[in-house]
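Colleague: Residue numbers (the working numbering): 158 to 820.
Ideal Cβ positions, reconstructed from N, Cα and C, are used throughout, including at glycine.
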């Protein structure tokens, strides 16, 4: 079948009156995350206007149009290095469901300031309503398609033109939202399955959109004009001697038919898995894309060249690599590249679409992993047909179970120092990933509670070079809850994609920050003395802070050590500080917890003897930071502001158990 480039339904972007302030969208370095907007229960009424009892509360529970579907979080500076703690900081802005509906994919262009692009999704279920048959003055939630069925409010966008194929733009200068385009194929709009992901090609100033309804990739101008399409099933698979997979134009969802079932994703019109494309990323003049299945029964990564001058698709689509059989065959929903060129992929579990909105996907066994380029590559060898090492390197996402609690979004942002400062020179040093119940693990509950909430549904950040070999459990991580709602209800699949605006207000560069890590991403050395660059030292010190002495200030020197207290069975941090000033004399210390919080702190003591701090509640492998302030006691007693000499010590609880003496 010959494909005709689709014509978008919009001649011009439709401005959406949102009530948002007319102001720049971004405030410096920002984490952008998508997720489900949540629900609210609406109060039923009788025909005469009086309230009536809700016999079935679930039927009164609707998508919350005022819930956040996008949050913007400042990530410029944290209080301490990553040590398994929750970042309690509130998002400084959000986009709500009534403005764009439910969205998954995120992209930023290279304008100053950048514009934000979002793609409509079915990842958080498909909800339909019918006419009010029970006379409670509310629409009826439907479990099956019906002749009067319509999309639920806030399922998709607010305009009559909005739908499952919609792409939205949020203007970086004004913060205003517009409907940029509706994805169509041969003039036929997306029926229900929605869009996959979205990627920006900086070299040609275009957007790529994957369509889960047809399996086709669309190339759009930044004005929303459809420029071209690429059909992997027809024009990609044959290049690897695979049978073509044709688009089935009859496989369309119809919410007015009884065959449509919101609880059964098989009725939503998804493209056949052999042609269904989701994750996208651009690198080195090629568009990389993820296919649900291909050369094997596992998900594949493919790529296709882009014309250097025009940016049009070339005819050289090729298979890159497949997920090994040890991974669940879940779709790959997001891709990104490290500074060294390694390929990071994130899976999203098969949708469950429950009527109660809770468990939207299977929890656990959902991976984030990294493929490394062969070094050297032998393109002529039949034993290594791919440019990539066949076995990828995994990341630990979440503390629970097998540390595979991902939700399908990954992005790379600037690195953090051991003191929580952003390193804009290392633009791709931190891996951000979305996930479920990231800090919920009963066996570590006492230690995790020291660092924040347990039921964190949101994003995890860790050094990109510190994979599962160095970071299991993932203590060298930050965690942030998407919307700050810590509901005890068991949930899964409520998170979407993630993107980072960093490096002094610009997108992350592709230049390697560290030549040592520029080819095959070797395991980190165990001692910072073996490192040859500042980045390597930072990463090793994050994993092994006991090996790294704190930076000594001119006013004070600090020594610290860990020891086991046999009376309590807890490790103890011993701190000895020495005054390095001639005047004023520093004779008092105040110890404050940076992360995690410790019951023994804050503590004020004299400076003339070692100070011991109980680390009760911390677990094996956990990393902690303590801030130390040295000052003059007479100055403090005066009641006037006084100077404080500050340092931070970092430590790691040994894997060996501190045993309590038998009584």
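#1: For the segment 495-506 against the segment 559-567, do three or more pairs of beta-carbon atoms, one drawn from each stretch, fall closer than 8 angstroms, so that the two count as touching?
#2: Residues bridged to residue 797 by DSSP?
#3: According to DSSP, simplified to helix, strand and coil, what is residue 817?
#4: Would you mind reading off the limits of the beta strand (DSSP E) that contains residue 652?
#5: For residue 228, which of 422, 591, 527 and 545 has the nearest alpha-carbon?
#6: Could you check which residue in 494, 622 and 235 has the C-alpha nearest to that of residue 552?
#7: Quick check: what's the CA-CA separation for residue 240 versus residue 780?
#8: Per DSSP, what kind of secondary structure is residue 199 in: helix, strand or coil?
#9: Can you look up residue 389 in the DSSP assignment and give me helix, strand or coil?
#10: If you follow the alpha helix (DSSP H) that residue 369 is in, where does it begin and where does it stop?
#11: Could you give the DSSP three-state label for residue 693: helix, strand or coil?
#12: Give the secondary structure of residue 265 by DSSP, where H, G and I count as helix, E and B as strand, and everything else as coil.
#13: What residues in its chain sit with their C-beta under 7 angstroms from that of residue 362, if we drop five residues either side in the sequence?
#14: Based on the DSSP secondary-structure assignment, which residues constitute the bridge partners of residue 508?
#15: In chain order, what residues of the same chain lie with their CB nearer than 6 angstroms to the CB of residue 738, ignoring the 5 residues before and after it?
#16: What is the residue span of the alpha helix (DSSP H) that residue 140 lies within?
#17: Mind pulling the alpha helix (DSSP H) runs of 4 or more residues that sit fully within the segment 226-294?
#18: Considering only residues of the segment 588-634, which uninterrupted alpha helix (DSSP H) runs meet the minimum length of 4 residues and lie entirely inside it, listed in chain order?
#19: On the DSSP bridge assignment, give the partners of residue 495 in chain order.
#20: Pull the bridge partners of residue 810 from the DSSP assignment, please.
#21: For residue 685, does the three-state DSSP call read helix, strand or coil?
#22: Is residue 786 helix, strand or coil by DSSP?
#23: Where DSSP assigns a beta bridge to residue 763, which residues make up the other side?
#24: What distance in whole Å lies between the Cβ atoms of residue 604 and residue 237, which are believed to be in contact at a cut-off of 8 angstroms?
#25: Classify residue 809: buried if its beta carbon has 16 or more other beta carbons within 10 angstroms, exposed otherwise.
#26: Have a look at residue 429 and residue 372 and give me their C-alpha separation to the nearest angstrom.
#27: If you reduce the DSSP assignment to three classes, tell me which class residue 190 lands in.
#28: Quick one: what's residue 570 bridged to in DSSP?
#29: Under three-state DSSP, which class holds residue 737?
#30: Pair every Cβ in the segment 305-312 with every Cβ in the segment 381-388, then say whether three or more of these pairs are closer than 8 angstroms.
#31: Apart from the five residues just before and just after residue 423, which ones in its own chain have a Cβ nearer than 7 angstroms to its Cβ?
#32: Quick check: the Cα distance between residue 675 and residue 497, rounded to an integer number of angstroms?
#33: Taking the alpha-carbon of residue 802 as reference, which of 811, 794, 796 and 790 has the nearest alpha-carbon?
#34: Buried or exposed for residue 197, going by 16 or more other Cβ atoms inside 10 Å?
#35: From residue 175 to residue 226, what does the alpha carbon distance come to, in whole angstroms?
#36: If you pair each beta-carbon of the segment 723-733 with each one of the segment 770-777, do three or more pairs fall below 8 angstroms?
Modeller: Straight from the coordinates:
#1: yes
#2: Paired residue(s): none; residue 797 is not in a bridge.
#3: coil
#4: 652-658
#5: 591
#6: 622
#7: 5 angstroms
#8: coil
#9: helix
#10: From DSSP, residue 369 is part of no alpha helix (DSSP H); its letter is neither H nor E.
#11: helix
#12: strand
#13: 379
#14: 518
#15: 712
#16: Only positions 158 to 820 of the chain appear in the structure, and residue 140 is not among them; the question remains open.
#17: 254-257
#18: 602-606
#19: None; residue 495 has no bridge partner.
#20: Answer is none; residue 810 lacks a bridge partner.
#21: helix
#22: strand
#23: 745
#24: Incorrect: roughly 16 angstroms between the Cβ atoms, too far for contact.
#25: buried
#26: 8 angstroms
#27: strand
#28: 587
#29: coil
#30: no
#31: none
#32: Interpretation of residue 675 is limited by its pLDDT of 46, a score under 50 that renders its predicted location unreliable; the figure taken from the coordinates is listed afterwards. Going by the C-alpha atoms only, they are around 4 angstroms apart.
#33: 790
#34: exposed
#35: 14 angstroms
#36: yes
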